[in-house]
Amino acid sequence: MLTFLLRRLVSAVSVIFLTLIASFSLFYLAPTDPAGVVCGPRCTPQRLAEIEKTLRVHDPVITQFTGYVKGLFVGRDYTTGGVTQECSAPCLGYSFTLGQPVTKLIANALPVTVSIVLGAAFFYLLIGIMAGTLSARVRGTMLDRVVVAGTLTLSSIPYFVVALISALFVAGVILPGSEWVPITENPLGWAGGLLAAWVTLGIVNAASYTRYTRASMIESLGEDYVRTARAKGISEKRVVYRHGLRAAVTPVATIFGLDLAGQLAGAVFTETIFGLPGLGRLTIQAFSQYDLPVLMATVLIGAVALVTMNLIVDIVYSILDPRVRLR
Amino acid sequence: MTTTALASPQAEAVQSTAPLLEVKDLVMHFKVKGDGLLGGSAKVQAVDGVSFELREGETLGLVGESGCGKTTTGRLITRLLVPTAGQIRFMGKDIAPLKERELRPYRRELQLIFQDPYSSLNPRHTVGTIVGTALRTHNIVPKDKVLSRVQELLEVVGLNPEHYNRYPHEFSGGQRQRVGIARALAVQPKVIVADEPVSALDVSIQAQVMNLLEDLRKEFGIAFVFIAHDLGVVRHFCDRVAVMYLGKIVEMGPRNAIYEAPQHPYTQALLSAVPDLGVVRGVPPRERIRLVGDVPSPINPPSGCRFRTRCWKAEEICATTEPPLEEKAPAQRAACHFAEPPELSIIAELPS
Numbered sequence: 001m002l003t004f005l006l007r008r009l010v011s012a013v014s015v016i017f018l019t020l021i022a023s024f025s026l027f028y029l030a031p032t033d034p035a036g037v038v039c040g041p042r043c044t045p046q047r048l049a050e051i052e053k054t055l056r057v058h059d060p061v062i063t064q065f066t067g068y069v070k071g072l073f074v075g076r077d078y079t080t081g082g083v084t085q086e087c088s089a090p091c092l093g094y095s096f097t098l099g100q101p102v103t104k105l106i107a108n109a110l111p112v113t114v115s116i117v118l119g120a121a122f123f124y125l126l127i128g129i130m131a132g133t134l135s136a137r138v139r140g141t142m143l144d145r146v147v148v149a150g151t152l153t154l155s156s157i158p159y160f161v162v163a164l165i166s167a168l169f170v171a172g173v174i175l176p177g178s179e180w181v182p183i184t185e186n187p188l189g190w191a192g193g194l195l196a197a198w199v200t201l202g203i204v205n206a207a208s209y210t211r212y213t214r215a216s217m218i219e220s221l222g223e224d225y226v227r228t229a230r231a232k233g234i235s236e237k238r239v240v241y242r243h244g245l246r247a248a249v250t251p252v253a254t255i256f257g258l259d260l261a262g263q264l265a266g267a268v269f270t271e272t273i274f275g276l277p278g279l280g281r282l283t284i285q286a287f288s289q290y291d292l293p294v295l296m297a298t299v300l301i302g303a304v305a306l307v308t309m310n311l312i313v314d315i316v317y318s319i320l321d322p323r324v325r326l327r
Numbered sequence: 328m329t330t331t332a333l334a335s336p337q338a339e340a341v342q343s344t345a346p347l348l349e350v351k352d353l354v355m356h357f358k359v360k361g362d363g364l365l366g367g368s369a370k371v372q373a374v375d376g377v378s379f380e381l382r383e384g385e386t387l388g389l390v391g392e393s394g395c396g397k398t399t400t401g402r403l404i405t406r407l408l409v410p411t412a413g414q415i416r417f418m419g420k421d422i423a424p425l426k427e428r429e430l431r432p433y434r435r436e437l438q439l440i441f442q443d444p445y446s447s448l449n450p451r452h453t454v455g456t457i458v459g460t461a462l463r464t465h466n467i468v469p470k471d472k473v474l475s476r477v478q479e480l481l482e483v484v485g486l487n488p489e490h491y492n493r494y495p496h497e498f499s500g501g502q503r504q505r506v507g508i509a510r511a512l513a514v515q516p517k518v519i520v521a522d523e524p525v526s527a528l529d530v531s532i533q534a535q536v537m538n539l540l541e542d543l544r545k546e547f548g549i550a551f552v553f554i555a556h557d558l559g560v561v562r563h564f565c566d567r568v569a570v571m572y573l574g575k576i577v578e579m580g581p582r583n584a585i586y587e588a589p590q591h592p593y594t595q596a597l598l599s600a601v602p603d604l605g606v607v608r609g610v611p612p613r614e615r616i617r618l619v620g621d622v623p624s625p626i627n628p629p630s631g632c633r634f635r636t637r638c639w640k641a642e643e644i645c646a647t648t649e650p651p652l653e654e655k656a657p658a659q660r661a662a663c664h665f666a667e668p669p670e671l672s673i674i675a676e677l678p679s
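Respectively, the protein sequence lines represent chains A and B.
The first sequence maps to residues 1 to 327 in the working numbering.
The second sequence maps to residues 328 to 679 in the working numbering.
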């Protein structure tokens, strides 16, 4: 287990480092004009030159990159408009358009996204696994067909349409209006403000999870050892949950890990439509303004989330299935 | 405990002379989709009117080729399937219509050993859990004694009792089948339905497992319904043999009568297909009965006698009148209009 973790850690770090190099070259070598964007429409050549100097856009790429990496680990300073800002490690750069260190922006946005994503995950895992299990148990009946048809319909509608309808007619009408309240300030307000987003993201994802669970459950309930379990005379509930579902959740866990990683890098539609200041919204803003340091940071977070979730999935796998050895 | 509310099977037992298990006109039809887009549903007549009885400690062999309904019959007896019609009287009580909950005390008395020792054990549970669950479910031993009982059972079936903490994939096929046997034994059943328990194993291991079953039968007096297609194994193990063809029993009788004087043409054909070991020693090969064609579809079985399409004795009456399962020799019944033992011995030698 320890050697497994060490090996995975090394590979995780190298994946993240490669992502860093790739995204750095993509953004910093691309024909964008960050200085021009910062300078704005009424830009004088002197001002532009000053900004370019601050942004160090004329430094060699290697210098720029080492500067960035150095900032990540030991911190660095930024001078803008004659004022020197200290950016302590982990420094992800300085957003000149927003006039704030990126680390601070991320630190504000990340809790929002994590709250949305984990809350929604609770909903869709609960609904999806329950509905999928039920559907598999009554396979072929009317109820099963209704579930299958319903999930198919729901997953056929583009997510932003569902989210828009929900934001217009559900949030603030049936459920409390959508807003961001930090959990440390007011836990109830936090839950209330996010409920609409949770339910929307939760129900739409529950449709896919119902289908995954159903398919996987039908397979596992057909296994010979499930028949053995029935022959033992144990209750049907135990047969379904202890023998059937335990085998069926393994593939679902894999998909969940990847989904969660993707969503942690920003639940773009949900955050934008429900007006929640999460990572997704920050990314969209950064995109429209060529705010490269922010974009770099979100890419990095996405990579870290993916690598971490993969590792967690592998560990969960070994718990669910004793035949899987971690080495 | 839920089971105490229900009458225990023992209490309902009638006189000891009555058969332990009595199957009457058992029918199992599976619905399948018919041909075409709007094709209605068709029925696979997997088991169609099977009757037999099993006395305490007796061993009945159920033989026949693939798809003849042996396994379905076994699963019906243990009520893993709900029969379409017919009775399964266990110690005088018909368990065919019982619901899951009412069935639970009978699950303890009727156990199964499965064919495939690889897929029939849950790979996510330890051997201790697999065997122990049966003990816990039926409250066979107090909770704190479960582990020691599991170890005892593992020892009985010839496994190392210290291996209770291992998972099925850490065992070989023969060892896994022993785990399956320990699991079935755990609840001290009166009847074990063994569904081809050795056919998935190497020949060398087959003998070991068969000897184990033989020992258990002697030691615990368990009655067996032994499902197999290996006639040698059946002869070695069974008191009586029932031969099935296309969902029906075509012949049933004491072992020696079936093997030495088979009445039904199908039984004769089946026995003549047993590999002849005499050839190796220079004995001239005997005449084999070769059946032509395939087994007809159980969705649409032939009229009258189901075997008539492949039978060399078939005449017109076979297509119109279904032959009843009648006594043709003492204790030996066959369902054939022209039943008679073959003139020459059709079996030169059977490994036993």
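For each residue, glycine too, the CB sits at the ideal point set by N, CA and C.
In this text the structure is predicted, and so the values were computed from the model without any measurement.
Between A/Tyr225 and chain B, the shortest Cβ-Cβ separation is below 8 Å. In this structure, A/Phe17 lies away from A/Ala171, with their beta-carbon atoms at least 8 Å apart.
Per DSSP, B/Thr386 is one residue of the beta strand (DSSP E) stretching across 386 to 390.
Put simply, the CB of A/Ala229 is near chain B, with a gap under 8 Å to one of its CB atoms.
Close to chain B, meaning a Cβ-Cβ distance shorter than 8 Å, is no residue of the segment 285 to 312 of chain A at all. Inter-segment contact for the segment 128 to 145 of chain A and the segment 212 to 229 of chain A is present: three or more beta-carbon pairs are separated by less than 8 Å.
Counting along the chain, the unbroken alpha helix (DSSP H) around A/Val249 starts and ends at 246 to 264. Looking from the CA of B/Thr453, the closest CA among B/Leu425, B/Arg434, B/Glu429, B/Pro488 belongs to B/Pro488. Taking CB atoms only, B/Thr411 has no neighbour in chain A less than 8 Å away.
Take the alpha-carbon of A/Ala120 and the one of B/Asn492: they are about 38 Å apart. Of the residues A/Ser235, A/Met309, A/Phe256, the one whose Cα lies closest to the Cα of B/Glu427 is A/Ser235. At least one CB atom of chain A sits nearer than 8 Å to the CB of B/Asn449. Under the rule that a run must span 3 or more residues, no beta strand (DSSP E) segment is found entirely inside the segment 519 to 548 of chain B. Judged by DSSP secondary structure, B/Gly376 falls outside any alpha helix (DSSP H) and instead within the beta strand (DSSP E) spanning 368 to 381. Rounded to whole angstroms, the Cβ separation of A/Leu48 and A/Pro34 is 11 Å, and the two are not in contact under 8 Å. Residues of the segment 312 to 323 of chain A whose Cβ lies closer than 8 Å to any Cβ of chain B, in chain order: Leu320, Asp321, Pro322, Arg323. In this structure B/Gly574 touches B/Pro625 by the C-beta definition: roughly 6 Å separates them, less than 8 Å.
Secondary structure of A/Ala149 (DSSP, three-state): helix. Linking B/Met571 to A/Gly262 through their CA atoms gives a straight-line distance of about 58 Å. Taking all protein chains shown into account, A/Lys53 has fewer than 16 neighbouring C-beta atoms within 10 Å of its C-beta and is therefore exposed. Residues of chain A whose Cβ lies closer than 7 Å to the Cβ of B/Arg505 do not exist, since the nearest Cβ in that chain is about 14 Å away.
Between the C-alpha atoms of B/Ala666 and B/Pro592 there is a straight-line separation of about 7 Å. For the set A/Ala89, A/Leu201, A/Ile106, the Cα lying nearest the Cα of A/Thr270 is the one of A/Leu201. A/Thr113 sits away from A/Gly302, with the two beta carbons spaced by 8 Å or more. B/His664 sits in coil when the DSSP states are folded into three classes, being neither helix nor strand. When DSSP states are grouped into helix, strand and coil, B/His356 belongs to the strand group. Between A/Ser155 and A/Asp144, the C-beta gap is not smaller than 8 Å, which leaves the two residues out of contact. Pairing A/Phe24 with A/Phe65 gives a Cβ-Cβ distance under 8 Å. Residue B/Ala550 holds the alpha-carbon nearest to the alpha-carbon of B/Gly384 among B/Ala550, B/Asn583, B/Ser531.
A direct Cα-Cα distance of roughly 56 Å separates B/Met418 from A/Leu118. Against B/Asp522, chain A offers no close residue; the least beta-carbon distance is about 10 Å (beta-carbon pairs closer than 9 Å).
Annotation: the continuous alpha helix (DSSP H) that includes B/Gln504 extends over 500 to 512. Taking CB atoms only, B/Thr398 has no neighbour in chain A less than 8 Å away.
Contact with chain A is absent for B/Ser624, since none of that chain's Cβ atoms lies less than 8 Å from the residue's Cβ. Excluding the 5 residues flanking it on each side, A/Val138 has same chain C-beta neighbours closer than 6 Å at Asp144, in chain order. Excluding its 5 nearest sequence neighbours in each direction, B/Gln590 has C-beta neighbours in its own chain below 7 Å: Glu578, Lys655, Ala656, Gln659, Ala661, Cys663, Ala666, Glu667, Pro668, listed in chain order.
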